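One structure below.
Number of protein chains: 2
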Amino acid sequence: MAEYPPFAVTVDLVVLTVRADELAVLLVRRGVPPYEGAWALPGGFVGADEDLPDAAVRELAEETGLPEPAGHLEQLGTYGRPGRDPRGRVVTVAWLALLPDLPAPVAGTDAAAAEWVPVAGLGRRRLAFDHDRILADGLERARAKLEYTPLATAFCPAEFTVAQLRTVYETVWGTHLDPRNFHRKVTGTPGFVTPVGRSTEGDRGRPAQLFRRGPATLLHPPMLRQQR
Amino acid sequence: MAEYPPFAVTVDLVVLTVRADELAVLLVRRGVPPYEGAWALPGGFVGADEDLPDAAVRELAEETGLPEPAGHLEQLGTYGRPGRDPRGRVVTVAWLALLPDLPAPVAGTDAAAAEWVPVAGLGRRRLAFDHDRILADGLERARAKLEYTPLATAFCPAEFTVAQLRTVYETVWGTHLDPRNFHRKVTGTPGFVTPVGRSTEGDRGRPAQLFRRGPATLLHPPMLRQQR
DNA sequence: GCGTTTATCGTCGTGATGACGAAAAACAGG
DNA sequence: CCTGTTTTTCGTCATCACGACGATAAACGC
């Protein structure tokens, strides 16, 4: 293998959650060069004998402090433009994680502290390396996948109401959805959600039925955002 | 960078086409160990100063013998399980290419000759490395993307008839579609196809209008396969 | 008891779709 | 020239999904 150019391989994570009616991404502030002091996606190098999904799960656990989160993790894409890392030829495998709002504070074992940053407020702020592009791709992937998969449930706790699920769609898409039509669509799509049998109490208004995510892996027909 | 484990990085291609009413994948027969004599996806190592898309385009051109094919190329996923290549730690970035049926014979510059192999006939035949899994992922991606993108046109020549496009869908999905409803759907979806103005001649039956692919990048609403 | 809030059920019109009929436009063969 | 065949293209109709609402149910605060 010595005749082939050597690469370093990293994993980077686009970790999204919905908290306080805002879509937020997990970012770290870099404490060492390059890009010292800049915001960046959490990530790290892949071990010599480590599988790629294992490296992503390990980094996710390190950054969120949770052993086995109930969310969703999928490969997003791989970025390897020469010069994207001034330290050398580094190819990064980016992953997209969708998590429920974590009650535990985010404090990784790394020196750099991680923070939830609302994506709406990122504006013109530049991330380190090519992480702007990776984040943009992750957001687009998440928004698109809500349409034809039940992945919005990954943003919710294990048991949730239809209104909570609707808030996820509205927050990720930045749109407003009719509560009645949304309710009909969610409860009418086979396998999307399954009723628990209990209801919420103590909130304002009529108690809502509690659901868990259903067995469906694809929504037929999909939940389309209106395009106008 | 010396403190981080070194990897070799390759690109592998899932190149699909529709020919003779069959979905076919471009495969090469390996001439050197490991997996000597086995079928494998075409691919190769990424250059020391080469971007990943450039490497994929280069390999595609080498294998198909065409400088700039009119098809579609997108990143499929990255596979890096330790042990997937007996020569060492190799991470491969897989790409999915959809091409029209090439009139030119496929003869790459590599020693190993490339061949179109119908995917239906692959059956229990094992490909080298983890290429079975990569091919399966590529097929699933292609089938899914026909639903909500106009990518079926990538399987067609620059000018095509509605019937040719329908054959693509039927071949990739393995289903039968009603010609009248398909015609209504294709011509009624804005931006899917644009009429050329001319028609076919010499074929059997009524001459068909010729179309080019339209400007749309997403199909709204999507062309759903019936699930029953 | 009453207003407020939220969840859930209905209704109605519209547009997309599956199933299918029918006409149009070419050709082959008598 | 006529007829049958093939394929494209246009219509029709019932059904279903969906957007835009109205209406009711079930909690709470006062």
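Here the protein sequences line up with chains D and V, keeping their order.
Here the first sequence stands for residues 640 to 867, numbered as in the numbering used here.
Here the second sequence stands for residues 640 to 867, numbered as in the numbering used here.
Yeah, the Cβ is synthetic: ideal placement off N, Cα and C, and Gly gets one too.
Predicted model only: the values in this text are computed from it and were never measured.
- Just grab the DSSP bridge partners of VAL756(V) for me. The residue given as residue 756(V) occupies position 117 in the second sequence. According to DSSP, which records beta bridges pairwise, VAL756(V) is partnered with VAL664(V).
- Query: Considering GLY827(V), what are the terminal residues of the alpha helix (DSSP H) in which it resides?
  - Reply: Along the second sequence, one-based indexing puts residue 827(V) at 188. Run containing GLY827(V): 818-827, per the alpha helix (DSSP H) assignment.
- According to the Cβ coordinates, are PRO818(V) and GLU661(V) closer than 8 Å? Residue 818(V) sits at position 179 when you count from the first residue of the second sequence. Residue 661(V) sits at position 22 when you count from the first residue of the second sequence. In this structure, GLU661(V) does not lie closer than 8 Å to PRO818(V) by Cβ.
- Query: What residues in the region 687-717 of chain D bring their beta carbon closer than 8 Å to a beta carbon of chain V?
  - Reply: ALA687, ASP688, GLU689, ASP690, LEU691, GLN714, GLY716 and THR717
- Comparing alpha-carbon positions, which option in GLY676(V), HIS822(V), LEU774(V) and ARG852(V) lies nearest VAL732(V)? Locating residue 732(V) in the second sequence gives position 93, where the first residue counts as 1. Of the candidates GLY676(V), HIS822(V), LEU774(V) and ARG852(V), the one whose C-alpha sits nearest the C-alpha of VAL732(V) is LEU774(V).
- Message: For chain V, check one thing: does any of its Cβ atoms lie closer than 8 Å to the Cβ of LEU863(D)?
- Response: As a first step, residue 863(D) must be located in the first sequence, where it is residue number 224. Yes, LEU863(D) lies at the interface with chain V (some Cβ there is under 8 Å from its Cβ).
- Message: Pop quiz: LEU712(D) and LEU699(D) are said to be a contact at Cβ under 8 Å. What is the actual Cβ separation, rounded to whole angstroms?
- Response: What you label residue 712(D) is simply residue 73 of the first sequence in a count that begins at 1. What you label residue 699(D) is simply residue 60 of the first sequence in a count that begins at 1. Taking C-beta atoms under 8 Å as the contact rule, LEU712(D) and LEU699(D) qualify, at a distance of about 7 Å.
- Quick one: is ARG765(V) buried, meaning 16 or more other Cβ sit within 10 Å of its Cβ, or exposed? On the second sequence, residue 765(V) is found 126 positions in, with the first residue counted as 1. The residue is exposed, with fewer than 16 neighbouring Cβ atoms inside 10 Å.
- Output the residue ranges of the alpha helix (DSSP H) runs that lie fully inside the region 654-740 of chain D and measure 4 residues or longer, sorted by chain position. 691-703
- For ARG805(V), count neighbouring Cβ atoms within 10 angstroms of its own Cβ and tell me buried if that reaches 16, exposed if not. For the purposes of this step, residue 805(V) is identified with residue 166 of the second sequence, where counting begins at 1. Buried, because 16 or more other Cβ atoms sit within 10 Å of the Cβ of ARG805(V).
- GLY682(V) touches chain D at which residues, Cβ-Cβ below 8 Å? Taking the first residue of the second sequence as 1, we reach residue 682(V) at position 43. Per Cβ cutoff of 8 Å: no residues; GLY682(V) is ~13 Å from chain D at best.
- Message: Using a 10 Å radius around the Cβ and a threshold of 16 neighbouring Cβ atoms, would you call ARG867(D) buried or exposed?
- Response: One-based indexing of the first sequence puts residue 867(D) at position 228. With a pLDDT of 42 at ARG867(D), under the threshold of 50, the modelled position of this residue cannot be trusted, and the question is left open.
- Would a check of beta-carbon distances place PRO854(V) closer than 8 Å to chain D? If you number the second sequence from 1, residue 854(V) lands on position 215. With respect to chain D, the C-beta atom of PRO854(V) has no partner C-beta closer than 8 Å.
- Message: Using a 10 Å radius around the Cβ and a threshold of 16 neighbouring Cβ atoms, would you call LEU863(V) buried or exposed?
- Response: Position 224 of the second sequence, counted from the first residue, corresponds to residue 863(V). Label assigned to LEU863(V): exposed.
- Task: Would you list the one or two residues that DSSP bridges to GLN848(D)?
- Result: The count along the first sequence starts at 1 and reaches residue 848(D) at position 209. For GLN848(D), which the question treats as bridged, DSSP gives the partners SER838(D).
- Item | Listed by chain order, chain D residues near ALA753(V) by CB distance under 9 Å | One-based indexing of the second sequence puts residue 753(V) at position 114. Here the premise fails: no neighbours, minimum Cβ distance about 22 Å.
- Task: May I ask which residues mark the beginning and end of the alpha helix (DSSP H) holding TYR808(V)?
- Result: As a first step, residue 808(V) is located in the second sequence; it is residue number 169 there, counting from the start. For TYR808(V), the enclosing alpha helix (DSSP H) has its first and last residue at 801-812.
- Identity of the residue in GLY722(D), ARG772(D) and PRO829(D) nearest THR788(D) by Cα: Walking along the first sequence from the start, residue 788(D) turns up at place 149. Closest option to THR788(D), Cα to Cα, is PRO829(D).
- Query: Run through DSSP, which three-state label would ALA767(V) get?
  - Reply: Looking up residue 767(V) in the second sequence gives position 128. Correct three-state label for ALA767(V): coil.
- Task: Per DSSP, which residues does ASP651(D) bridge with? Please list them.
- Result: Start at 1 with the first residue of the first sequence, and residue 651(D) comes out as number 12. Partner(s): GLY682(D) and ALA733(D).
- Message: By alpha-carbon positions, which one of LEU665(V), ARG697(V), LEU761(V) and ARG772(V) ends up nearest to LEU738(V)?
- Response: Taking the first residue of the second sequence as 1, we reach residue 738(V) at position 99. Among LEU665(V), ARG697(V), LEU761(V) and ARG772(V), the Cα nearest to that of LEU738(V) is on LEU665(V).
- Task: Please name the residue in ALA679(V), PRO742(V), ARG726(V) and ASP724(V) whose C-alpha comes closest to that of ARG658(V).
- Result: As a working note, residue 658(V) is residue 19 in the second sequence. Minimum Cα distance to ARG658(V) is reached at PRO742(V).
- Neighbour flag for TYR643(D) against chain V, beta carbons, 8 Å: Locating residue 643(D) in the first sequence gives position 4, where the first residue counts as 1. True, the Cβ-Cβ gap to chain V drops below 8 Å.
- Query: What are the partner residues of PHE646(V), as DSSP defines its beta bridges?
  - Reply: The residue labelled residue 646(V) in the question sits at position 7 within the second sequence. According to DSSP, residue pairing for PHE646(V) in a beta bridge involves PHE646(D).
- Task: Determine the chain V residues that contact ARG851(D) at a beta-carbon separation under 9 Å, and present them in chain order.
- Result: Residue mapping note: residue 851(D) aligns to position 212 of the first sequence, counting from 1. Those within 9 Å of ARG851(D) in chain V number zero; the least Cβ separation is about 23 Å.
- Return the bridge partner residues of THR788(D) from the DSSP annotation. Position 149 of the first sequence, counted from the start, is the residue given in the question as residue 788(D). For THR788(D), which the question treats as bridged, DSSP gives no partner whatsoever.
- Could you check the C-alpha separation between TYR643(V) and ALA647(D) for me, to the nearest Å? In the second sequence, counting from the first residue as 1, residue 643(V) sits at position 4. In the first sequence, counting from the first residue as 1, residue 647(D) sits at position 8. Straight-line Cα distance between these residues: approximately 7 Å.
- Top-ranked residue by Cα proximity to TYR724(V), from ALA695(V), PRO673(V) and TRP734(V): Counted from its first residue, the second sequence places residue 724(V) at position 85. It is Asp, not Tyr, that sits at residue 724(V) in the sequence shown. Ranking ALA695(V), PRO673(V) and TRP734(V) by Cα distance to ASP724(V) puts PRO673(V) first.
- In whole angstroms, what separates the C-alpha of ALA783(V) from that of GLY676(D)? One-based indexing of the second sequence puts residue 783(V) at position 144. One-based indexing of the first sequence puts residue 676(D) at position 37. C-alpha separation (whole angstroms): 42 Å.
- Would you say VAL732(D) reaches chain V, if we count a Cβ-Cβ gap shorter than 8 Å as a contact? Within the first sequence, numbered from 1, the residue matching residue 732(D) stands at position 93. Cβ-Cβ to chain V under 8 Å: yes for VAL732(D).
- What whole-angstrom Cβ distance do PHE831(V) and PHE799(V) have, given they're in contact under 8 Å? The count along the second sequence starts at 1 and reaches residue 831(V) at position 192. The count along the second sequence starts at 1 and reaches residue 799(V) at position 160. Not confirmed; about 12 Å, so no contact.
- Message: For ALA694(V) and ALA767(D), I'd like the C-alpha separation in whole angstroms.
- Response: Start at 1 with the first residue of the second sequence, and residue 694(V) comes out as number 55. Start at 1 with the first residue of the first sequence, and residue 767(D) comes out as number 128. Whole-angstrom Cα-Cα distance: 25 Å.
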